[in-house]
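Worksheet for the structure shown next.
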Amino acid sequence: MSVEHLYNLDQQVNTSDDPLQSVAGTNLESKSLWVPSERIGLHSIDIPSAPERKWAELIPWILEDRVLQPVEEMHFVVAARDDQQVHILAVSQQDIREWIRIADNAGIAAVAMAPDFMALDWEPGILSVGWREGMLLVRDGINSGFAALPAVGWVMVDSILKSTSVMPRLSISLPDEDMVPEHLRAEANINSSSVDWQFSAFPAVNLMTAEFKPKAARPVWFQWWPVAASTIAVLLLTVIYLQLASRSFEAEVSDLQQHLLTSHSRVFGGAKPALAEFRSSAEARIEQLFKQQKSLQAEPVAALSALDAVMNACQCELQAMTASKSGVQLKVLSGSKLLNKSLNVPGYQISLEQDQKAGPDVFALSMKPRVGQERNL
56 MSVEHLYNLD
66 QQVNTSDDPL
76 QSVAGTNLES
86 KSLWVPSERI
96 GLHSIDIPSA
106 PERKWAELIP
116 WILEDRVLQP
126 VEEMHFVVAA
136 RDDQQVHILA
146 VSQQDIREWI
156 RIADNAGIAA
166 VAMAPDFMAL
176 DWEPGILSVG
186 WREGMLLVRD
196 GINSGFAALP
206 AVGWVMVDSI
216 LKSTSVMPRL
226 SISLPDEDMV
236 PEHLRAEANI
246 NSSSVDWQFS
256 AFPAVNLMTA
266 EFKPKAARPV
276 WFQWWPVAAS
286 TIAVLLLTVI
296 YLQLASRSFE
306 AEVSDLQQHL
316 LTSHSRVFGG
326 AKPALAEFRS
336 SAEARIEQLF
346 KQQKSLQAEP
356 VAALSALDAV
366 MNACQCELQA
376 MTASKSGVQL
386 KVLSGSKLLN
396 KSLNVPGYQI
406 SLEQDQKAGP
416 DVFALSMKPR
426 VGQERNL
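For the sequence shown, the numbering used here assigns the number 56 to the initial residue and increments by one for each residue that follows.
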C-alpha cells in the first residue's frame, strides 16, 4: 500500500475547468495518508474499570473536560495502552471528513490516516525533531509526539527535556541549522534531511475507524458496469424491437400482396398471376387497355359510338353499313323517326336522305368527321 502526505495530495488536485478531465471521485488508487499532527490531540487516561467493549462509549465523556469541541463532534481512537494507561488520539470529525474530501478530489481512496509526527524515526532514548512546511514535528515516544509552530515547539521540547530523568539524545532534521535554539545545538545531532513521506514506515494506528472506516475499494471496471449494463439493455431492446418491427412489416407485406392479387382479379378478371409475375402481368394488361382506349377514340369506332345518341329508340332496322376512316354510312329500314330527331353530334357532319332506289322506307344516314377532327388509329 503506497503512502503519501495529505498536503501533497492537496497540491495534486486537478483544477481543470473541464469536468471530463477531473479525477475527483475516481478512487484510482488506494493510499495511507499522513495528516497534520497539529489537528490531533493525544490524551492519556487511566485504564477504565469497565469492560473494553464499553470503552468507545466511556472515553468521550472521560475526555469531555480536555477537548475544546463538544464530544459528539469529536472522533476518538485508542492508539496504544500499557499496564496503567490508555493513550487516545482525538480529532474533529469535520477534519477527517475534509481530509477524505481532499483525497477524493485527487482521485485517491484513503484507507488509513496517522499523525505525521509518526513519520519521524524513533528509538528509545532519542527525541526526533523534523520539519514540515513551517511546522516543527516532534516525536518523543512510539505513540507520542506533536506538531507546532517553531516558537511554541521549541518551548515544548525544552519542557520534555526537563521532565525526563535521563536526558534523551536529540536528532534534529531541519532545512537550516540556525533554526535550532543555540542552547540545544551542542548536544544535538543536526542534519538537513527532510522527511520522506512515501518511504516512512506507516504505524499500526489508524484514525479511520467506526463511521470513517474505509469501504472496500472498487475496481475501475466496477464504476463502468452500470453504463455497460445500460448499453447492453438498450442493444437487446433494439434487437427485440427490430425483430417485432420486421415481423409486423412482413405481415403488412403479406396483406398487401393478398390485396393486390384480389384487386388484380377484380380489375382484369381471369386467373391470379404468381407474385413473381404480378408486375409484368399488370403492366401488360394496362398497356392493352390503353391500346383499346386509343382504338375506341379512333375512326370509325368513335363515329359509331357517337351514333348511339341518334340511333337510340329509332325503331329502325339496319340493312347495311359501310365504315372507313372518312366516315360511316348506314342504310336503315323504317327510319322515318330519324327525320324528327336532332342529328347534331359534336365534331361530325350528319346527313339523312331517303333512298328512292331501295324503297320509301329505306333511309341513308351518312356521318363524316368535320374538317380537322379526323381521328386515326
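We treat Cβ as the ideally placed atom computed from N, Cα and C, and that holds for glycine.
Given the structure is predicted, the values throughout are model-derived calculations rather than measurements.
Could you round the C-beta distance between residue i and residue j to whole angstroms and report it? I think they count as a contact, below 8 Å.
{"i": "Leu420", "j": "Leu393", "result": "7 Å"}
{"i": "Ser87", "j": "Phe257", "result": "5 Å"}
{"i": "Leu144", "j": "Leu262", "result": "6 Å"}
{"i": "Cys371", "j": "Ser389", "result": "5 Å"}
{"i": "Ser199", "j": "Ser228", "result": "The Cβ separation is near 18 Å, so there is no contact."}
{"i": "Asn244", "j": "Leu216", "result": "That pair is no contact at about 15 Å."}
{"i": "Val400", "j": "Ala364", "result": "7 Å"}
{"i": "Leu97", "j": "His130", "result": "Their Cβ separation, rounded to whole angstroms, is 14 Å, which puts Leu97 and His130 out of contact at 8 Å."}
{"i": "Ala174", "j": "Val250", "result": "5 Å"}
Apart from the five residues just before and just after residue i, which ones in its own chain have a Cβ nearer than 7 Å to its Cβ?
{"i": "Val356", "result": "Ser350"}
{"i": "Ser406", "result": "Ser421"}
{"i": "Glu242", "result": "Leu225"}
{"i": "Val426", "result": "none"}
{"i": "Pro125", "result": "none"}
With distances taken Cα to Cα, identify the nearest neighbour of residue i among the options.
{"i": "Trp209", "options": "Glu237, Thr219, Asn160, Arg425", "result": "Glu237"}
{"i": "Gln139", "options": "Pro103, Ala167, Arg224", "result": "Pro103"}
{"i": "Val122", "options": "Val141, Glu112, Ser147", "result": "Ser147"}
{"i": "Glu107", "options": "Val90, Arg136, Ser99", "result": "Arg136"}
{"i": "Val90", "options": "Asp101, Met190, Pro328", "result": "Met190"}
{"i": "Met366", "options": "Phe418, Ser381, Pro205", "result": "Phe418"}
{"i": "Ala105", "options": "His98, Ala329, Val212, Ile114", "result": "Ile114"}
{"i": "Trp109", "options": "Pro125, Val133, His98", "result": "Sequence check: residue 109 is Lys here, not Trp. Per the Cα distances, Val133."}
{"i": "Arg334", "options": "Phe345, Phe267, Leu315, Thr377", "result": "Leu315"}
{"i": "Val235", "options": "Gly402, Lys346, Val207, Ile100", "result": "Val207"}
{"i": "Asn395", "options": "Cys369, Gln404, Ile287", "result": "Cys369"}
{"i": "Ser379", "options": "Pro424, Asp410, Gln409", "result": "Pro424"}
{"i": "Ser360", "options": "Glu338, Tyr403, Ala337", "result": "Tyr403"}
{"i": "Ile181", "options": "Met222, Ile157, Ala174", "result": "Met222"}
{"i": "Pro179", "options": "Thr219, Val141, Gln343", "result": "Thr219"}
{"i": "Pro230", "options": "Pro205, Glu242, Met211, Val212", "result": "Pro205"}
{"i": "Glu266", "options": "Ile155, Val308, Glu307", "result": "Ile155"}
{"i": "Glu232", "options": "Ser255, Gly185, Pro125", "result": "Gly185"}
{"i": "Ser99", "options": "Thr81, Glu112, Ala111, Leu118", "result": "Leu118"}
Considering only residues of the same chain and omitting the five flanking positions on each side of residue i, which have a CB-CB separation below 6 Å?
{"i": "Ala358", "result": "Val383, Met422"}
{"i": "Asp150", "result": "Arg94"}
{"i": "Trp177", "result": "Ser183, Arg194"}
{"i": "Asp416", "result": "Leu388, Ser389"}
{"i": "Asn63", "result": "none"}
{"i": "Pro328", "result": "Ser336"}
{"i": "Leu385", "result": "Met376, Leu420"}
{"i": "Asp310", "result": "none"}
{"i": "Thr81", "result": "Gly162"}
{"i": "Arg152", "result": "none"}
{"i": "Ser391", "result": "none"}
{"i": "Met168", "result": "Leu88, Val90, Leu262, Met263"}
{"i": "Ser255", "result": "Ala174"}
Residues in the same chain with beta-carbon distance under 8 Å from residue i, minus the five sequence neighbours each way, listed in chain order, please.
{"i": "Glu84", "result": "Ser57, Gly162, Ile163, Ala164"}
{"i": "Thr70", "result": "With a pLDDT of 49 at Thr70, under the threshold of 50, the modelled position of that residue is not reliable, and no figure is offered here."}
{"i": "Gly196", "result": "Trp177"}
{"i": "Val166", "result": "Met56, Ser85, Lys86, Ser87, Met263, Pro269, Ala272"}
{"i": "Ala202", "result": "Pro91, Ser92, Glu93, Pro170, Asp171, Phe172, Arg187, Met190, Leu191, Leu192, Val193, Gly208"}
{"i": "Ala253", "result": "Strictly speaking, residue 253 in this sequence is Gln, with Ala absent from that position. Within the same chain, Gln253 has close Cβ partners Ser57, Val58, Glu59."}
{"i": "Glu127", "result": "Pro115"}
{"i": "Asp410", "result": "Lys386, Val417, Phe418, Ala419"}
For chain D, is any of its Cβ atoms less than 7 Å away from the one on residue i?
{"i": "Pro236", "result": "Judged by its chain identifiers, the structure shown contains no chain D, having just a single protein chain."}
Less than 6 Å between the CB of residue i and some heavy atom of the ligand GDP, yes or no?
{"i": "His60", "result": "For the structure depicted, the ligand GDP is absent and the ligand set is empty, with no information on it obtainable."}
Taking the runs of the alpha helix (DSSP H) that are 4 residues or longer, which of them lie wholly in the segment 257-341?
-> Complete alpha helix (DSSP H) runs here, min 4: 275-323.
Complete alpha helix (DSSP H) runs within the segment 349-382 (minimum length 4 residues, chain order) = As far as the segment 349-382 is concerned, its whole alpha helix (DSSP H) runs of at least 4 residues are 356-361, 363-366.
Secondary structure, beta strand (DSSP E): runs of 3+ residues fully inside the segment 189-214 = When DSSP assignments are scanned along the segment 189-214, the uninterrupted stretches of beta strand (DSSP E) that are 3 or more residues long and fall wholly within it turn out to be 190-194, 200-203.
Could you name each continuous alpha helix (DSSP H) segment of 4 residues or more that falls completely within the segment 79-117, going from the start of the chain to the end?
-> Entirely contained in the segment 79-117, the alpha helix (DSSP H) runs reaching 4 residues are, in chain order, 110-117.
Which full runs of the beta strand (DSSP E) of 3+ residues lie inside the segment 113-174, going along the chain?
-> Counting only runs that start and end inside the segment 113-174, the beta strand (DSSP E) elements of at least 3 residues fall at 129-136, 140-147, 163-170.
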